[in-house]
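Mapping the sequence shown onto my numbering, position 227 (from 1) lands on 228, and the numbers just tick up by one.
Ideal Cβ positions, reconstructed from N, Cα and C, are used throughout, including at glycine.
One structure is given below, encoded as structure tokens.
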Amino acid sequence: SYEYYVQADCTGGEVSGWVGPFEFVTECSVFTPEYIADMSTNVPNCWEEANSGDATTGPMEIGAGLWYASNHNGTPSNAINMFFNTRSDWIISPEFDLSSAAPSELKVYVALTESGTSGSDADLGSDDVISLLMTTDGGTTWVEMQSWTQGNVPTDVGEEITYDLSAVTGNVQFAFLGNEGTVNDPEDVYFHVSKFQVRETPSCVEPASLMNTVLTDTTSEFTWAIGGTETTWEYANLPSPSSEPASGTSTMV
């Protein structure tokens with residue numbers, strides 16, 4: 002957003018004094034990778050909300066919605082409470098121009114909590130669906146990239162998911178849609194989106210799916226998924242809170 006002022010320059014060198022400020026917001030441009038959304042704000046800059054519509058109709062009632070700024074276990078997020086049977090609410094990303102970008106990818110981090118910000122073993126209702134959607138024709142059609150349903154949900158800690166966009170060219174836009182269906186289930190849970198990143202696919206991909214497998218009062222064992230063809234890694238075990246280390250301890254398969 003910007004503010005502008007105006008004053009008159011009169012004869013004899015006099016000036017009238019400034020009138021203002023008047024605030025205005027410029028239209029959002031089409032982004033190119035790299036892009037990271039600030040998910041601590043609802044909605045992130047250049048995003049939109051919609052209060053109704055489904056994957057067939059597209060978003061409707063633009064400008065309103067029930068997603069809100071939250072966090073899961075301290076990580077900032079945009080979240081939606083899945084409880085009643087009245088919601089079909091969207092958060093919609095800006096457009097991205099991938100026509101001149103190198104092969105790109107979308108990375109998101111999602112979680113499901115029992116209470117507003119924490120709580121394990123949460124599950125969606127019988128006909129609740131959270132969908133990640135994509136459009137390449139300006140919103141005329143929306144294609145589902147992934148859906149989360151009862152029994153197929155992220156944990157309260159969450160999971161990072163990477164989607165290959167190498168086959169996508171031109172302008173693309175993404176959206177999360179929380180649809181509670183028609184059944185008023187007893188489940189009262191919260192779906193969080195805490196990371197949204199569009200970037201050119203790196204040649205050296207980060208490990209994923211880090212998970213503690215053994216935890217005692219003096220030891221911790223954890224695993225991760227291989228990101229590419231690498232056979233060696235570095236790890237660092239630091240007190241919390243910490244920043245990323247400059248180097249770590251080397252390990253290999």
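Go to residue i, then tell me how far its beta strand (DSSP E) extends in each direction, as first and last residue.
i       : result
Arg-88  : No beta strand (DSSP E) holds Arg-88; DSSP gives it neither H nor E.
Pro-187 : Here Pro-187 belongs to no beta strand (DSSP E), and DSSP marks it neither H nor E.
Trp-225 : 221 to 226
Leu-133 : 130 to 136
Gly-179 : 172 to 180
Asn-1   : Past the boundaries of the shown model lies residue 1; the chain is included only from 2 to 254, so the question cannot be answered.
Glu-161 : 160 to 165
Asn-72  : 69 to 73
Gln-8   : Here Gln-8 belongs to no beta strand (DSSP E), and DSSP marks it neither H nor E.
Are residue i and residue j touching if we call contact CB-CB under 8 Å?
i       : j       : result
Pro-60  : Trp-91  : yes
Val-169 : Leu-99  : yes
Val-190 : Leu-113 : yes
Met-253 : Thr-233 : yes
Glu-49  : Ile-93  : yes
Val-109 : Phe-197 : yes
Val-158 : Asn-74  : yes
Starting from the Cα of residue i, find the closest Cα among the options and give me that residue.
i       : options                            : result
Ser-89  : Gln-8, Gly-13, Pro-104, Trp-68     : Trp-68
Ala-123 : Phe-192, Gln-198, Val-7            : Phe-192
Ser-251 : Glu-231, Leu-166, Val-7, Tyr-164   : Glu-231
Pro-201 : Glu-35, Ser-17, Thr-219            : Strictly speaking, residue 201 in this sequence is Glu, with Pro absent from that position. Among Glu-35, Ser-17, Thr-219, the Cα nearest to that of Glu-201 belongs to Glu-35.
Pro-203 : Val-194, Ile-162, Gly-249, Glu-106 : Glu-106
Could you tell me the alpha carbon to alpha carbon distance between residue i and residue j, rounded to whole angstroms?
i       : j       : result
Trp-149 : Leu-133 : 9 Å
Gln-147 : Asn-79  : 18 Å
Glu-188 : Met-83  : 7 Å
Leu-125 : Val-154 : 7 Å
Gly-140 : Thr-219 : 53 Å
Identify the residues that DSSP records as bridge partners of residue i: which are they?
i       : result
Leu-107 : Tyr-164, Val-199
Pro-77  : Asn-72
Ala-112 : His-193
Asp-98  : Asn-172
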